[in-house]
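Last residue of the sequence shown: number 574 in my numbering, and the count goes up by one each step with no gaps.
Heads up, the beta-carbon is just placed ideally off N, CA and C, and yes, glycines get one too.
Here's the structure we're looking at; comments come further down.
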Amino acid sequence: MFRDLYKYRNFIIQSVRNDLISRFSRSKLGGLWAILNPLSQVLIYALILSNVLAAKLPGVDSQYAYAIYLMAGLLGWTLFNEIVGRCLNIFIEHGNLIKKMSFPRVTLPAIAVGSCLINNLFLFISMLGIFALLGHQFNMAMLWLIPLTLVVVVFSLGIGLILGVMNVFLRDIGQVIPIILQMLFWFTPIVYPVTIIPEVYRHWLNLNPMYPIIDAYQQILVYGNSPQWEGVLTILAAGIILSIVGLFMFRRSSAEMVDAL
């Protein structure tokens, strides 16, 4: 499968390009829609909650501290959520293509991940512009975002592949996963700082796989610190295992998927 990915690399690149073009064709704002949605969420949350939560955000001396904190968390969450969501329905959406054409089907998740990474890059660039307007300092710690993004991709791709294969045979998966992701979003300290959770309950965050990831984004972008790699590396190990399981499931059920589609 990895050999097929390399062999069809030009097909993947061209497909990512076509995917981006088709999503924003006949649109006046074009690719701006890829960043307007998460930024609009930041604006809404910031306007409604910043006066309540800004004073409870330690270590940041800025009246815009909450908006910066919120954007940092949404950057990591958006990438995770988008990859899982795209992989969840990738085989169903391309069912006709899978049945009519002969090509390595493993290229479909690669195309989805490529599109998500480009969207996340646009969002990151726009956030840097907002940080500059708010007077938030840039620092070398932002270079840690490169390996951190790789961890998010591996983890979300592993989950997405498993769910995507299961969704072909059990369509209820595609209905329940968005609900679970929405619940996970609110159980992750993105909209609120972890300090408002009573200490007696904070140990429950250890059961949330996205907490170390989001905390790493916040440490890098908000505080300019190196992330706590112990938790991140645990998620990376889990992501590698999930990806192996997902690829195994995909390869074993590839023929049956065609019949189910």
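Length of the line joining the Cα atoms of Met523 and Ala568: 33 Å
message: With a threshold of 6 Å on Cβ separation, who are the neighbours of Leu520 within its own chain once the five nearest residues in sequence on each side are excluded?
response: none
- prompt: Hey, is the region 548-566 in contact with the region 470-479, meaning 3+ C-beta pairs nearer than 8 Å?
  reply: Touching, yes.
- prompt: Mapping DSSP to helix, strand and coil, what is Tyr505?
  reply: Under the three-state reduction of DSSP output, Tyr505 falls in the coil class, being neither helix nor strand.
task: Can you grab the Cα-Cα spacing for the pair Thr391 / Phe482, in whole Å?
output: 27 Å
field: Proximity winner among Tyr514, Leu463 and Ile403, relative to Leu546 (alpha-carbon distances)
entry: In terms of Cα proximity to Leu546, the closest of Tyr514, Leu463 and Ile403 is Leu463.
Neighbour-count burial assignment, Gly448, 16 or more Cβ in a 10 Å radius: exposed
- request: Consult DSSP for Gln450 and reduce its assignment to one of helix, strand or coil.
  value: In the structure shown, Gln450 sits in coil (DSSP, three-state: anything other than H, G, I, E or B).
message: Considering just the uninterrupted stretch of the alpha helix (DSSP H) at Phe315, what are its terminal residues?
response: Phe315 to Lys320
- prompt: Going straight from the alpha carbon of Gly408 to that of Val571, what length do you get?
  reply: 8 Å
message: If I measure Cβ to Cβ from Cys429 and keep anything under 7 Å in the same chain, skipping five residues before and after, which residues do I get?
response: Leu392, Glu395, Ile396 and Arg399
- prompt: Where are the alpha helix (DSSP H) runs, 4 residues long or more, that stay fully inside the region 457-495, in chain order?
  reply: 458-482
message: Taking the beta carbon of Leu410 as the centre, do at least 16 other beta carbons fall within 10 Å, making it buried, or is it exposed?
response: exposed
Residue of Lys320, Asn350, Met479 and Leu352 minimising C-alpha distance to Arg565: Checking every option, the nearest Cα to that of Arg565 belongs to Met479.
- prompt: Taking DSSP as the reference, what is the three-state secondary structure of Gly389?
  reply: helix
Nearest candidate by alpha-carbon position, reference Gln327, set Leu352, Glu406, Ala423 and Ile357: Ala423
query: Which one of Asn350, Ile527 and Arg418 has the shortest CA to CA distance from Arg316?
result: Arg418
query: If you draw a straight line from the C-alpha of Ala445 to the C-alpha of Tyr536, how long is it?
result: 15 Å
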